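Undergrad: In UniProt numbering, the protein residues as written are 1 to 135. Backbone N, C-alpha and C define an ideal beta-carbon position, used for all residues, glycine too. Owing to the predicted nature of the structure, the values given are computational and were not obtained by experimental measurement.
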Amino acid sequence: MDCIFCKIISGDIPAKIIKETSYSISFLDAFPLAKGHVLVIPKNHHQKIQDMSEKENSDLFSLVHSMISKVDSITGSTLLAIHNGKDAGQEVPHVHVHLVPRSKDDSAGAIHSMFSHSLKLSDSEIDEIYEKLKV
Numbered sequence: 001m002d003c004i005f006c007k008i009i010s011g012d013i014p015a016k017i018i019k020e021t022s023y024s025i026s027f028l029d030a031f032p033l034a035k036g037h038v039l040v041i042p043k044n045h046h047q048k049i050q051d052m053s054e055k056e057n058s059d060l061f062s063l064v065h066s067m068i069s070k071v072d073s074i075t076g077s078t079l080l081a082i083h084n085g086k087d088a089g090q091e092v093p094h095v096h097v098h099l100v101p102r103s104k105d106d107s108a109g110a111i112h113s114m115f116s117h118s119l120k121l122s123d124s125e126i127d128e129i130y131e132k133l134k135v
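(1) Let me check understanding here. Comparing Cα to Cα, which of 23, 32, 132 and 12 lies closest to residue 106?
(2) Distance, Cα to Cα, residue 9 vs residue 96?
(3) Under the rule that 16 or more other beta-carbon atoms within 10 Å means buried, what is residue 111, buried or exposed?
(4) Per DSSP, what are the beta-bridge partners of residue 28 in this structure?
(5) Going by Cα to Cα distance, which pick from 49, 74 and 40 is closest to residue 103?
(6) Measure the C-alpha to C-alpha separation of residue 11 and residue 132 and round it to an integer number of angstroms.
(7) If distances are taken between C-alpha atoms only, which option among 20, 34, 21 and 6 comes closest to residue 98?
(8) Suppose you measure from the CA of residue 61 to the CA of residue 89; what does that come to, to the nearest Å?
(9) Am I right that residue 13 and residue 27 are in contact with their C-beta atoms under 8 Å? What's the rounded C-beta distance?
(10) Could you tell me if residue 65 is buried or exposed, where buried requires 16 or more neighbouring beta carbons within 10 angstroms of its beta carbon?
(11) Mapping the DSSP letters down to three states, classify residue 77 as helix, strand or coil.
(12) DSSP state of residue 131, grouped into three classes?
(13) Does the Cβ of residue 22 have 16 or more other Cβ atoms within 10 Å, making it buried, or fewer, making it exposed?
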C-alpha cells in the first residue's frame with residue numbers, strides 16, 4: 001500500500017512519535033500549520049471513521065483526549081479537525097485527526113470562514129434532513 005501514514009506506522013518513514021496505544025499513534029505533523037500541530041491516526045488503514053471498528057474508534061478518540069491537553073498547553077486553544085473522505089478535503093486517504101494549536105492572531109478563523117456562504121434552508125428541507133439523521 002502506498003499510504004504515507006501506513007509507512008510511518010511500519011517505520012519506513014521516520015516521524016516524531018509522541019504516544020502510541022494498541023490501535024492508534026500520535027506524532028508531529030511533518031507540514032505543521034502551527035507549532036505543535038499533531039496528528040492522531042489509527043494503526044490499521046481506514047479511509048473513513050465509519051470504516052473503523054468500535055474498539056479502534058474508542059482507542060483513537062481516547063488518544064485524542066489524552067493529547068488535547070498537551071497540545072492545548074501550547075497556546076491555550078486547539079482546533080480538532082477531521083476531513084472524512086476526499087470530498088471533505090481529506091488529502092491522505094487514512095483516517096487522521098489534526099490537533100492544531102490556535103491563537104487569536106493566527107488568521108485561520110472559525111469554521112464558517114472555510115465556506116463562501118451559509119445555506120438558507122426551508123422548513124421542509126430542515127425537516128427532511130432531520131428525519132434522515134435522527135437516531
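TA: By the coordinates alone:
(1) Closest option to residue 106, Cα to Cα, is 32.
(2) Spanning the two alpha carbons is a distance of roughly 13 Å.
(3) exposed
(4) 38
(5) 74
(6) 42 Å
(7) 34
(8) 20 Å
(9) Not really, about 10 Å apart at Cβ, beyond 8 Å.
(10) Around the beta carbon of residue 65, a 10 Å sphere encloses fewer than 16 other beta carbons of the protein chains shown; the residue is thus reported as exposed.
(11) strand
(12) helix
(13) exposed
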